[in-house]
Amino acid sequence: MADIHVEEFYKDAAVALVQLYSAFPRRVDLFVEDIAGPDEPDEFGLHSKRHMACFGALIWLAEEGFLRYVDTIRQEALDQAILTQEAFIRLSSPAPDVLVQELRGSEEPAGTLLPPSLQEDLSSHIHLVRTALKSRHSVRIGRAVHATLFTSR
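Read in UniProt numbering, the sequence shown has 42 at position 42, and its numbers run on one by one without any break.
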């Protein structure tokens, strides 16, 4: 089992990428609270470790070339964020068949024949990330995000 902070990173990255993909090509504000949940700063105005970890994940995605943004809104959001070309292409592209079968599991009956265009859509990285998020299964989320972010491009 992975460390909890790594599992949270995968979930935060998945939610952010899905939000940006759904809005593409519009720029949107990415609020940490929408991704990691509500946060009440302490008496000194400092956010929780969980909030800061999510904010850090968003910054990391930007530093690694998956998204761009105009500015930060304090430590609460990224202003006018958008996927990079590389991230959009990666999310739209088909994932390896082995990963598709593993993450899809028993979702669809064996022997189901779908039109090629639908099969391609259902095997894209973004579909796998969305499906993993819906499952709420941290291992599936981690595998889908890991394959999307770290598989050789």
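Every residue, glycine too, gets a C-beta built ideally from N, C-alpha and C.
All of these numbers come straight from a predicted model, not from anything done at the bench.
Within the same chain, show all residues whose beta-carbon is closer than 7 Å to that of valine 70, passing over the 5 residues directly before and after it, in chain order.
Annotation for valine 70: Asp79, Gln80 place their beta carbon closer than 7 Å to its own, counting only its chain and skipping 5 residues before and after.
Kindly examine the ligand SAM and report whether one of its heavy atoms sits closer than 7 Å to the Cβ of leucine 30.
You won't find the ligand SAM in this model; it holds no ligand whatsoever.
Isoleucine 73: which of Phe55, Ile89, Ala62, Thr84 sits nearest, CA to CA?
Phe55
Pick out whichever of Ala62, Pro38, Val145, Tyr10 has its Cα sitting closest to the Cα of glutamine 85.
Ala62
Could you check if isoleucine 89 is buried or exposed, using at least 16 other CB atoms within 10 Å of its CB as the buried criterion?
exposed
Would you identify the three-state DSSP class for valine 28, choosing helix, strand or coil?
strand
Got a sec, what are the start and stop residues for the alpha helix (DSSP H) glutamine 19 sits in?
Note, glutamine 19: alpha helix (DSSP H), 4-23.
Need the endpoints of the alpha helix (DSSP H) that glutamine 85 sits in, please.
Element bounds for glutamine 85: 85-92.
Bounding residues of the alpha helix (DSSP H) (the contiguous stretch that carries threonine 148):
138-150
Does the separation of the CB atoms of aspartate 42 and alanine 77 fall below 8 Å?
For aspartate 42 and alanine 77, no; Cβs fall outside 8 Å.
Is the region 140-152 touching the region 10-21, taking contact as three or more C-beta pairs under 8 Å?
yes
Using the Cβ count rule (16 or more neighbours within 10 Å means buried), how would you classify histidine 127?
buried
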